[in-house]
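S.K.: First, the structure itself, so that you have it in front of you.
Residue numbers (our numbering): 2 to 396.
This is the structure:
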């Protein structure tokens, strides 16, 4: 067995140090903690398909820390970045590097759900405080929840549940669901079904194809014969662009809708084919709140980029961390009070008011949006203050 695997975690070493100095005449553990920077590890994609997402999360984290004068709870903040390359197979090793070699106090990551599950295994074992700024895998805050893990983004279930709920409220009784056959699409599908069922609707057919295949024509050919009033989907990125264009070209008259990632960040590429598509997500392009207006201007001034949902999630990850660290005056070893403060946090986010559920998952509004003129315009609230059910979580 290697030394790397058997040496104590940084958290364990600090607790031992605190016990030692308490019984001596040297400066207290509190003073030692104050003297050293708070190490924040950012494990995000900085290359490949999701690079822009990782960059926007990072920019927003850095922006919040800058707004705090470069300190949280009176301690300087040192950021250590690691490119996870969106490769799940490398996630445990990369997380070990941040936690054991770089000895970060906090880990913020990541975007890809497969990578997140690798991170999750390590941080559950080491007790490292972790904030998830994007990946929506349900298990993280359900059956595999942990007291040291919080999420400021969403579960795959939440946006799709909101979409199903909005359809049901409009009187839709029969719908179809189309997705790649993988965890995110399947978890979103369950949310869509549950939301629709709240108003007596049902998903009469689920159509899938292997991830990341984009041969959509056999699926599209089945839709006219299904007798449905709406088609809900979960696709993202390039797949979403192609699907929306092919759906429009096929001349299908059934309205298309879905989890907000269907049109998030890709409206420009989808062009006129996306016009009128309704989606549900926890952010939109025209939220009428002062906090969002200030945030969007500050983000653009700092980065020369438009803020998006990923920037908001990163900013809120940093906001949540600030609440916890400031509550314990920088003493991150005071876990009981640190986690208590984070669990009870009430934060004014650019997306609107947010808080934490019992499973340490974000509670937020899910907005109904319509694609118009290149924007995902908010047209209503599909599910106010929606909490994930946290099924199987025991904290």
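The beta carbon of each residue, even a glycine, is placed where N, CA and C say it ideally should be. Note that the structure is predicted; figures quoted are calculated from it, not measured.
Among the residues of its own chain, which have a CB less than 7 Å from the CB of residue 344, if the five just before and after it don't count?
M.R.: The residue you call residue 344 lines up with position 343 of the chain shown. Cβ neighbours of residue 344 beyond the five flanking positions: 357, 361.
S.K.: From the DSSP output, read off the bridge partner residues of residue 354.
M.R.: Position 353 of the chain shown, counted from the first residue, corresponds to residue 354. For residue 354, which the question treats as bridged, DSSP gives the partners 349.
S.K.: Using only the alpha-carbon positions, how far apart do residue 77 and residue 336 sit?
M.R.: In the chain shown, residue 77 corresponds to position 76, counting from 1. In the chain shown, residue 336 corresponds to position 335, counting from 1. Approximately 19 Å between the Cα atoms of the pair.
S.K.: Please list, in chain order, all residues of the same chain as residue 26 whose beta carbon is under 6 Å from its beta carbon, the five residues on each side excluded.
M.R.: One-based indexing of the chain shown puts residue 26 at position 25. Any answer about residue 26 is weak, because its pLDDT of 38 lies below 50 and its placement is not dependable; what the coordinates show is given next. Around residue 26: no qualifying Cβ.
S.K.: Ordered along the chain, which non-local residues of its own chain (more than five positions away) have a Cβ less than 6 Å from that of residue 33?
M.R.: Position 32 of the chain shown, counted from the first residue, corresponds to residue 33. Any reading at residue 33 needs caution, since the residue's pLDDT is 45, under 50, leaving its predicted position unreliable; the model's value is listed next. Excluding residues within five positions, none has a Cβ falling inside 6 Å.
S.K.: If you reduce the DSSP assignment to three classes, tell me which class residue 367 lands in.
M.R.: The count along the chain shown starts at 1 and reaches residue 367 at position 366. Correct three-state label for residue 367: strand.
S.K.: Would residue 227 pass as a contact of residue 177 if the rule is Cβ separation under 7 Å?
M.R.: In the chain shown, the residue the question calls residue 227 occupies position 226. In the chain shown, the residue the question calls residue 177 occupies position 176. Yes.
S.K.: Within the continuous beta strand (DSSP E) that includes residue 377, where are the two ends?
M.R.: Here the question's residue 377 lines up with position 376 in the chain shown. Unbroken beta strand (DSSP E) run through residue 377: 376-387.
S.K.: From the DSSP secondary-structure annotation, give me the bridge partner or partners of residue 258.
M.R.: For the purposes of this step, residue 258 is identified with residue 257 of the chain shown, where counting begins at 1. Residue 258 is bridged to 233, 279.
S.K.: Considering only the alpha carbon of each residue, which of 44, 187, 196, 298 lies closest to residue 367?
M.R.: Here residue 367 refers to the residue found at position 366 of the chain shown. Selected option, being the one with the closest Cα: 196.
S.K.: Rounding to the nearest angstrom, what Cα-Cα distance links residue 37 and residue 79 in this structure?
M.R.: Here residue 37 refers to the residue found at position 36 when the chain shown is read from its first residue. Here residue 79 refers to the residue found at position 78 when the chain shown is read from its first residue. In a straight line, the C-alpha of residue 37 is about 9 Å away from that of residue 79.
S.K.: Following the continuous alpha helix (DSSP H) through residue 81, name the residue where it begins and the one where it ends.
M.R.: On the chain shown, position 80 is the one that residue 81 refers to. Per DSSP, residue 81 belongs to no alpha helix (DSSP H); it is in the beta strand (DSSP E), 76-84.
S.K.: Taking residue 322 as part of the beta strand (DSSP E), name the residues at either end of that continuous run.
M.R.: Residue 322 sits at position 321 when you count from the first residue of the chain shown. No beta strand (DSSP E) holds residue 322; the alpha helix (DSSP H) holding it covers 310-328.
S.K.: Starting from residue 246 and walking both ways along the alpha helix (DSSP H), at which residues does that stretch end?
M.R.: Residue 246 sits at position 245 when you count from the first residue of the chain shown. Note, residue 246: alpha helix (DSSP H), 238-250.
S.K.: With DSSP as the reference, label residue 161 as helix, strand or coil.
M.R.: Position 160 of the chain shown, counting from 1, holds the residue named residue 161. The answer is helix: DSSP assigns residue 161 an H, G or I state.
S.K.: Report the residue from 260, 377, 231, 107 whose alpha carbon sits nearest the alpha carbon of residue 286.
M.R.: Translated into positions along the chain shown, residue 286 becomes position 285. Residue 377 is the option with its Cα nearest to residue 286.
S.K.: State the CB to CB distance for the pair residue 258 and residue 321, rounded to an integer number of angstroms; the pair is presumed to be in contact (CB under 8 Å).
M.R.: As a working mapping, residue 258 is identified with position 257 in the chain shown. As a working mapping, residue 321 is identified with position 320 in the chain shown. In fact, because the Cβ distance is near 31 Å, the residues do not count as touching under 8 Å.
S.K.: Using the beta-carbon count (16 or more within 10 Å), is residue 389 buried or exposed?
M.R.: If you number the chain shown from 1, residue 389 lands on position 388. Under this definition residue 389 is a buried residue.
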